[in-house]
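Report on the structure given below.
In mature numbering (1 follows the signal peptide of the UniProt record, and there is no 0), the protein residues as written are -19 to -1, 1 to 465.
The following block contains the structure:
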């Protein structure tokens, strides 16, 4: 939902490495993670010093047991120290149903630079922001109705996550971000082994459509290289995400000229013709970036595609993430993007009482979005390369893939998302190509909420959600039931 525009200022994915380089990289990474988990004896304190919450502290973690958001389920917040200087903040909520058997979902917000608190408090968490950020209310459509959910502030430098070393202050690539999240998961499961046996779904939206394949790929590689904890990777879930920019970015032309909420009523209008011409050049530049992945080539593609494809259509007064609604933004270029309540999230997270409950240092300032990180990813071209290329190995190996998109979202629209799924080179590609779309019904109703295509017995699934923008919670809870 929020800050996919911030993807526009970036675009990128990792460059190509050979198999031996990957093997060496992951062997070294696992060694460091395993050593970090094993160093020193664990020790536990409860309510130490002047703290007002129970705190669990070990050699690699500092975890609070807050009384916020929803008090009827077990919850944790705090930090895992994924290295001596990197400290990743998280919030975890058990399922409202059967926490010992319900799956675990790792939620990855977009940006890059968005905090997990945005998704927690505005979309699928157990509570929703209210009253200008002074309080929260229970979210009846939370994903915690059916799953244990883990929200993280990643990459390091986002939200409450931080580095205590200037040399490691910022993460500079999708690959590095994925390595850090993988280290976090290993530490999380070491701390809470009761959740390590649950199936894990890696979910992301917006730029999370790039994060999630990288994190899932890191888990896949780690499992094959004898990780301390083998993670039960069940599926990857991508909601209105950007995953294959070569296919998805040019699709904005089709969406705004022929889509269900077209901005230009005549597909042969001068605006549409100009956009098609620019889309052709944009594709050429992104293709060059995929062939020769370096900052110069990818940066040029990023700048051109943004200025020629996105900026013209963003001049409308509509919400780019939900063209059914006006944009309430008053301070471009950072309106958070068209959602007034995002400022409420910052108010809430910076409340001293909330910080105390979460066991966050009083002087640590929270921001929904890290602009410095976004600009750094932009300069390095981390969003133009194809993250979808990481998925065929996983899908062919039994990891399920769900791609869903609300049809009112322009930025990572359903047209482009369906196209890249069709193009995904898995063993189900031919079957998916001939699959017929069927109605997708809201559970317990006769309401047609969208259309679904699938192959491989549902292992590869695409859902177009009708009358929905990015991150529409009422629909995604039904999708979650459908998927898990």
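Ideal Cβ placement from N, Cα and C applies to all residues, glycine included.
Can you say whether residue i is buried or exposed, counting buried as having 16 or more other CB atoms within 10 angstroms of its CB?
i           : result
residue 436 : buried
residue 393 : buried
residue 459 : buried
residue 152 : buried
residue 468 : Because the chain spans -19 through 465 in this model, residue 468 falls outside it and cannot be assessed.
residue 296 : exposed
residue 292 : exposed
residue 424 : exposed
residue 55  : exposed
residue 240 : buried
residue 84  : buried
residue 247 : exposed
residue 272 : exposed
residue -11 : Residue placement at residue -11 is poorly supported in this model, since its pLDDT is 35, which falls under 50; the coordinates still yield a value, given next. Residue -11 is buried by the Cβ-count criterion.
residue 363 : buried
residue 280 : buried
residue 342 : exposed
residue 323 : buried
residue 451 : buried
residue 121 : exposed
Are the Cβ atoms of residue i and residue j separated by less than 7 Å?
i           : j           : result
residue 389 : residue 303 : yes
residue 212 : residue 200 : yes
residue 98  : residue 340 : no
residue 125 : residue 107 : yes
residue 175 : residue 222 : no
residue 366 : residue 307 : no
residue 266 : residue 282 : yes
residue 96  : residue 349 : yes
residue 193 : residue 219 : yes
residue 159 : residue 196 : yes
residue 110 : residue 182 : no
residue 133 : residue 94  : no
residue 381 : residue 216 : yes
residue 100 : residue 328 : no
residue 224 : residue 430 : no
residue 441 : residue 413 : yes
residue 320 : residue 331 : no
residue 41  : residue 57  : no
residue 338 : residue 49  : yes
Whole angstroms is fine: what's the gap from residue i's alpha carbon to residue j's?
i           : j           : result
residue 447 : residue 136 : 32 Å
residue 1   : residue 228 : Residue placement at residue 1 is poorly supported in this model, since its pLDDT is 45, which falls under 50; the coordinates still yield a value, given next. Cα to Cα, residue 1 sits roughly 30 Å from residue 228.
residue 119 : residue 249 : 47 Å
residue 210 : residue 203 : 9 Å
residue 29  : residue 53  : Note on residue 29: pLDDT 29, under 50, position unreliable in the model; the coordinate value appears next. Their Cα atoms are separated by approximately 24 Å.
residue 326 : residue 276 : 34 Å
residue 234 : residue 290 : 8 Å
residue 180 : residue 62  : 24 Å
residue 481 : residue 305 : The structure shown does not extend to residue 481, since the chain spans only -19 to 465, so no value can be given for it.
residue 443 : residue 172 : 35 Å
residue 190 : residue 92  : 10 Å
residue 141 : residue 344 : 11 Å
residue 253 : residue 294 : 10 Å
residue 168 : residue 71  : 12 Å
residue 399 : residue 415 : 13 Å
residue 301 : residue 188 : 15 Å
residue 154 : residue 361 : 8 Å
residue 433 : residue 411 : 17 Å
Identify, in the order they occur along the chain, each residue of the same chain with its Cβ nearer than 8 Å to the Cβ of residue i, setting aside the five sequence neighbours on each side.
i           : result
residue 243 : 236 and 237
residue 396 : 232, 235, 236 and 240
residue 333 : 343
Apart from the five residues just before and just after residue i, which ones in its own chain have a Cβ nearer than 7 Å to its Cβ?
i           : result
residue 457 : 105 and 220
residue 449 : 387, 388, 389 and 456
residue 285 : 262, 263 and 266
residue 245 : 237, 238, 252 and 253
residue 336 : 343
Spatial neighbours of residue i within its chain, please: C-beta separation below 6 Å, excluding the five flanking residues on both sides.
i           : result
residue 464 : 383
residue 351 : 94, 138 and 139
residue 278 : 269 and 270
residue 89  : 185, 189, 192 and 193
Contact between the segment 373 to 392 and the segment 128 to 136: three or more CB pairs below 8 Å?
-> no
Given 8 Å as the limit, is there contact between the segment 257 to 276 and the segment 415 to 427, that is, 3 or more CB pairs closer than that?
-> no
Between the segment 64 to 83 and the segment 164 to 175, are three or more C-beta pairs nearer than 8 Å?
-> yes
Just checking, does the segment 399 to 414 make contact with the segment 375 to 382 on the three C-beta pairs under 8 Å criterion?
-> yes
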